[in-house]
Amino acid sequence: MVKDGLSNFNSTCTILKGLIGVGVLTLPYATKQVGWLVSVVGLGFVAWLQVIGLEFAVKGKAILDGLVPSEVQNLESDSDKEGKEHPFNDMSFYDEVVRRAYGWVGQRLCEAFIVIGQFGTAVAYVNVITETICTYQGESIRPFVLMALAALLTGLSSIRSLKGISVLSKTGLLIYLFVFGSLLWSSARAYQHGTWMDSATWAKSDPNIGLWFGASCFALGVFGVAIVVHDDMAEPADFLKVVRWSFFYCWAFYASFAFLGYMCFGDQLKEVVYLNFPDSIARGGSAIAVCAVLIVTYIVQLLPVYTLAEHLVPATLHYAIPRTLIVFLTVLCAFELPSVTFIIQSVGATTGVLSCTVFPALVYLKLHPNPSVMDYISAGLLLVFALAAMTQIEWS
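Encoded structure:
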């Protein structure tokens, strides 16, 4: 008998689509800031730390489930009292894990960082779509494009099933192959014309670490989506295996994309890589492909936000109402903050670092009465990385 829920393959596709979004389009530009070798190796390191963060989250759940001997029952009794006063804890399994460790205040704080990060991703999606259309049709139509997007995204937000979304995720991943193929074609032309590696270096003498950190954390920040996928898996015991393979595939794609984009266009790179494509068919086709992918997968990034909002409003209120308000709020923010780089570098990096590294490490150490030496080392790496990343972020 097949269990109801997402298969491992569909779970991998959904997590990959959560990872491979607008962030990949800015990675060549981020790589320009630090050099190709630093970026490729750094992306692998950041991906590894994200996996550690998710491992801590699942291990925290194992403690609560009684699979790891602990003294968590003492924490439960105090937190349960608080939970009755603040009953909303249904974004994912991780809400309960955080609440047991740091009470409802810690839970709400963690939820806030996840929501802001996912919301910022959705705003970046809207910005990329709008910027792409305005590149061809002129900046004067920007307000009309945003209004049309608001209507379209509101309709797509009626999709509630992760099974349905996983189908769109597979389609989106396949469409991204067109963009990658266009990048390969542009690289071949650059090599033919002698401009391949024309201004590319393996490491910059004056790197913009802040922008690279922001773009990398944003591109690899899938914590909010992953924990929602966990709750909908047919075999949640395989979650970490799915996560590890998803991040490996993602790193391989990201590293190739960032390397090729930087080698091909060098210091002439624009924020979004396909705007550099010299061939009008490749540029136009990639623009259409990316817009289609971002539109249909917009809901993936907002799943944690939708879940939270639906539990905050009265049960009698139709789910479409809070979702519609969220969509229009993302469009309004996109109008006020048209810079994709600002959102990725500042909002994406800050919330991603806090929710994906700091909280998992601190929550696990609080729950486990006797962490191992490796636990302390792993948690220390996450916290040092978070501190390094936060000091490099430039809010400008």
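When the sequence shown is numbered by this note's numbering, its final residue is 1139 and no position is left out of the sequence of numbers.
From the three backbone atoms N, C-alpha and C, an ideal C-beta is built for every residue, glycine too.
Note that the structure is predicted; figures quoted are calculated from it, not measured.
- Ranked by how close their Cα comes to the Cα of Trp945, the residues Ala1129, Gly915 and Leu780 have Leu780 in first place.
- DSSP lists Leu749 as the bridge partner or partners of Met976.
- Of the candidates Thr769, Phe1128 and Asn751, Phe1128 places its Cα closest to the Cα of Ser1098.
- The continuous stretches of alpha helix (DSSP H) do not include Lys1013, and DSSP gives it neither H nor E.
- Put simply, the backbone Cα of Glu1014 is about 14 angstroms away from that of Ser959.
- By the CB criterion at 7 angstroms, Ser1029 and Ser925 fall inside the cutoff.
- A Cβ-Cβ contact shorter than 7 angstroms links Tyr868 with Leu1037.
- Cβ-Cβ separation between Val783 and Ala943: approximately 12 angstroms, too far for a contact (criterion under 8 angstroms).
- For Ile859, the enclosing alpha helix (DSSP H) begins and ends at Phe836 to Gln880.
- Bounds of the alpha helix (DSSP H) holding Met890 are Arg885 to Leu899.
- Annotation: the continuous alpha helix (DSSP H) that includes Pro1065 extends over Ala1063 to Glu1079.
- In the three-state reduction of the DSSP assignment, Ile763 falls in the coil class.
- Rounded to the nearest whole angstrom, the CA to CA distance from Val801 to Leu895 is 36 angstroms.
- Residue burial annotation: Gly1123 is exposed, with fewer than 16 other C-beta atoms found within 10 angstroms of its C-beta.
- Shown here, Ile758 sits in a helix according to DSSP, grouped into three states.
- DSSP, read as helix, strand or coil, puts Pro1103 in helix.
- Excluding five sequence positions before and after Gln850, the CB atoms of its chain that fall closer than 7 angstroms to its own CB belong to Asn832, Asp838, Val841 and Arg842, given in chain order.
- As the crow flies, the alpha-carbon of Val767 is around 14 angstroms from that of Leu1018.
- In the DSSP assignment, Phe990 falls within the unbroken alpha helix (DSSP H) covering Phe982 to Phe1008.
- Of the residues Gly761, Leu786 and Lys804, the one whose Cα lies closest to the Cα of Pro979 is Lys804.
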